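Working notes, structure below.
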Amino acid sequence: MKKSVLHQAATRGSADHGWLKSFHTFSFAGYYNPERIHFGALRVLNDDTVDGGRGFGDHPHDNMEIVSIPLEGELQHKDSMGNVAVIKAGEIQVMSAGTGIYHAEYNKDPKEPVKFLQIWIFPNKRDVTPRYDQINMNIDNKPNVLNQILSPNKDDEGVWVHQDAWFHIGRFDQGKQATYNLKKEGNGIYFFVLKGRLRVEGQELETRDGYGLWDVSDAQLEATSDAEFLIMEVPMEVRL
Numbered sequence: 001m002k003k004s005v006l007h008q009a010a011t012r013g014s015a016d017h018g019w020l021k022s023f024h025t026f027s028f029a030g031y032y033n034p035e036r037i038h039f040g041a042l043r044v045l046n047d048d049t050v051d052g053g054r055g056f057g058d059h060p061h062d063n064m065e066i067v068s069i070p071l072e073g074e075l076q077h078k079d080s081m082g083n084v085a086v087i088k089a090g091e092i093q094v095m096s097a098g099t100g101i102y103h104a105e106y107n108k109d110p111k112e113p114v115k116f117l118q119i120w121i122f123p124n125k126r127d128v129t130p131r132y133d134q135i136n137m138n139i140d141n142k143p144n145v146l147n148q149i150l151s152p153n154k155d156d157e158g159v160w161v162h163q164d165a166w167f168h169i170g171r172f173d174q175g176k177q178a179t180y181n182l183k184k185e186g187n188g189i190y191f192f193v194l195k196g197r198l199r200v201e202g203q204e205l206e207t208r209d210g211y212g213l214w215d216v217s218d219a220q221l222e223a224t225s226d227a228e229f230l231i232m233e234v235p236m237e238v239r240l
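Just so you know, the sequence shown maps onto residues 1 to 240 in our numbering.
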């Protein structure tokens, strides 16, 4: 039997630090909701806006797969592995925190805000050697298809993580339909609408709504307006 959970945009946790405005789909920092700890291996889905010239100073992570997806602007990255980089809209960044890293993130533009998604995934291997990667997702000229941007496989499309997870981004014209077929039995899928409106298995979704499904093998979706959305397939059983 199909199981599902709906997280409408207005029900997310939020934090306003002046320079940082953040919406939390799952419990994070000062926001705690016992019914929203995680969706399987998907632990954090933060929707962040950082003022010009501001950012997060050095802070630690370990044993987590951390994914950043800029939506607008440019994000400056620096870490204890010696990586210094800028990621911008159309790119994706991944870090395996493993045995432990420090990193900092800043808005590269002194005036305009940067908007990005910060996503944490529980890994299937602990205490791995930390690593960093970023790529251009190459989706600008690929409308109306599901573009894979993350997988468990080093030689597959997109970045890779230490988990049986697959991410896809779609930019669909109104009326476009598709079927998402799960890659692995026992996984669930979480849809997050970046722009526009989407119908998934009959559920109507609007901008920044989230919708999770599990105990399914596929999901039917349709853009009910021009829409951009993220699909995150993750294991539902996680050994923490």
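We treat Cβ as the ideally placed atom computed from N, Cα and C, and that holds for glycine.
Source: prediction; values computed, not measured.
Just the C-alpha distance for residue i and residue j, rounded to the nearest angstrom, thanks.
i, j, result
"residue 84", "residue 226", "36 angstroms"
"residue 175", "residue 197", "10 angstroms"
"residue 4", "residue 232", "14 angstroms"
"residue 169", "residue 221", "13 angstroms"
"residue 166", "residue 40", "13 angstroms"
"residue 134", "residue 91", "7 angstroms"
"residue 139", "residue 207", "20 angstroms"
"residue 37", "residue 236", "13 angstroms"
"residue 137", "residue 216", "27 angstroms"
"residue 203", "residue 7", "12 angstroms"
"residue 15", "residue 28", "10 angstroms"
For residue i, is the classification buried or exposed, using 16 other Cβ atoms within 10 angstroms of its Cβ as the cut-off for buried?
i, result
"residue 123", "buried"
"residue 48", "buried"
"residue 60", "exposed"
"residue 46", "buried"
"residue 144", "exposed"
"residue 22", "buried"
What residues are listed by DSSP as bridge partners for residue i?
i, result
"residue 115", "49 and 72"
"residue 235", "187"
"residue 141", "Paired residues: none, contrary to the question."
"residue 153", "Residue 153 is not bridged to any residue."
With DSSP as the reference, label residue i as helix, strand or coil.
i, result
"residue 129", "coil"
"residue 9", "helix"
"residue 193", "strand"
"residue 29", "coil"
"residue 60", "strand"
"residue 177", "strand"
"residue 202", "coil"
"residue 36", "coil"
"residue 19", "coil"
Candidates the options: which alpha carbon is nearest residue i's?
i, options, result
"residue 34", "20, 13 and 54", "13"
"residue 130", "104, 79 and 140", "79"
"residue 238", "213, 201, 199 and 188", "188"
"residue 200", "180, 194, 186 and 184", "180"
"residue 50", "32, 157, 117 and 121", "117"
"residue 121", "95, 72 and 52", "95"
Closer than 7 angstroms to a non-hydrogen atom of the ligand NAP - does that hold for the CB of residue i?
i, result
"residue 53", "The ligand NAP is absent from the structure shown, which contains no ligands of any kind."
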